[in-house]
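The sequence shown begins at 2 in our numbering and counts up by one.
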Amino acid sequence: MNDSIAPSRTSVLAQYGNIASSTIGHFTDIGYLRGIRPLFDNLRMIGKVVTVKLFTPDGSVLREALLLSQPGDVLVVECVGDPECACWGELRTLAGLIKGLSGVVVSGAVTDVVALRMHRLPVFSRSVSAFTTRSLGQGGEVNQPIQISGVTVRPGDIAIGDSDGVFILGPQQAVDLLPELLAKEQADQQKRTELLQRLQATR
Numbered sequence: 002m003n004d005s006i007a008p009s010r011t012s013v014l015a016q017y018g019n020i021a022s023s024t025i026g027h028f029t030d031i032g033y034l035r036g037i038r039p040l041f042d043n044l045r046m047i048g049k050v051v052t053v054k055l056f057t058p059d060g061s062v063l064r065e066a067l068l069l070s071q072p073g074d075v076l077v078v079e080c081v082g083d084p085e086c087a088c089w090g091e092l093r094t095l096a097g098l099i100k101g102l103s104g105v106v107v108s109g110a111v112t113d114v115v116a117l118r119m120h121r122l123p124v125f126s127r128s129v130s131a132f133t134t135r136s137l138g139q140g141g142e143v144n145q146p147i148q149i150s151g152v153t154v155r156p157g158d159i160a161i162g163d164s165d166g167v168f169i170l171g172p173q174q175a176v177d178l179l180p181e182l183l184a185k186e187q188a189d190q191q192k193r194t195e196l197l198q199r200l201q202a203t204r
């Protein structure tokens, strides 16, 4: 695509604002994060990816990731090591809300689930655990390619998540899929309206 006519990242994100993850799933499974589930219902997440790789039980790299993040970003975290060692909880959620994050995706465990559900920052994870990381200062990586569910996630990718799951799309992939996705959302909305009218007529 000619860069001079390529849509801006902001406009692409805006157009994905009402596209369901399941609509993307009608056309591709590339970028779908298998096994990653929403922590609570009725959530919606879209934003530019900031990647994090941490090595449990050390979660100190998340501080750097939070400092580097911008409003609207999504932290996508690859946890290497013990899958039951939770790296994300209430205090980091509060810090994420202050930064204006759009959401957090953790390929691992989270904790403080009652508080996370109360604060409503969209959080997706593999599991829940009371065993947690600590700030040991042993390192990690921010904004380098990571691997989650067989998907290579790169900084600057686009994360789309809702109650059905998460897709990570590369910028060009997101642009290429957009016309089909918008057309399907429109067609589905028309069909939904027709079916609801028919349902109402039977009552």
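The beta carbon of each residue, even a glycine, is placed where N, CA and C say it ideally should be.
Model, not experiment: these values are computed from the prediction.
message = If you follow the beta strand (DSSP E) that R118 is in, where does it begin and where does it stop?
response = Where R118 is concerned, there is no enclosing beta strand (DSSP E), although the alpha helix (DSSP H) it sits in stretches over V114 to H120.
message = Quick check on DSSP: helix, strand or coil for L102?
response = coil
task = Measure the CB-CB distance between L34 and I149 and report whether it falls below 8 Å.
result = yes
ask   = For the alpha helix (DSSP H) that contains I25, what are its first and last residues?
value = S22 to G26
query = With burial defined as no fewer than 16 other Cβ atoms inside 10 Å of the residue's Cβ, what is the status of T194: buried or exposed?
reply = exposed
request  = Quickly, what does DSSP pair T52 with across the bridge? List them, please.
outcome  = Paired residue(s): V77.
query = Where do the N-terminal and C-terminal ends of the beta strand (DSSP E) with T153 fall, by residue?
reply = V152 to V154
message = My output table needs one value for L170: the three-state DSSP class, helix, strand or coil.
response = strand
query = Whose C-beta lies closer than 7 Å to the C-beta of L98 among residues of the same chain, with five residues either side of it excluded?
reply = So the qualifying residues of the chain are H120 and L122.
task = Determine, using beta carbons only, whether F125 and V167 come nearer to each other than 8 Å.
result = Yes.
Pairwise C-alpha distance: T133 and G26 = 33 Å
task = Take every Cβ of the stretch 80–91, pair it with every Cβ of the stretch 11–20, and state whether three or more of those distances are shorter than 8 Å.
result = no
task = Pull up the DSSP beta-bridge partners for D177, would you.
result = In the DSSP output, where bridge partners are listed per residue, D177 has none listed.
message = Would V105 and L69 qualify as a contact pair, given that the criterion is a beta-carbon distance under 8 Å?
response = No, they are not a contact pair.
request  = Verify whether the separation of the beta carbon atoms of G157 and V50 is less than 8 Å.
outcome  = yes
inquiry  = Less than 8 Å between the beta carbons of S164 and D42, yes or no?
reply    = yes
request  = Answer yes or no: do L200 and T24 have a C-beta to C-beta separation smaller than 8 Å?
outcome  = no
CA nearest to the CA of G101, picked from E142, V62, V111 and M46 = M46
query = Buried or exposed: L63, going by 16 or more other Cβ atoms within 10 Å of its Cβ?
reply = buried
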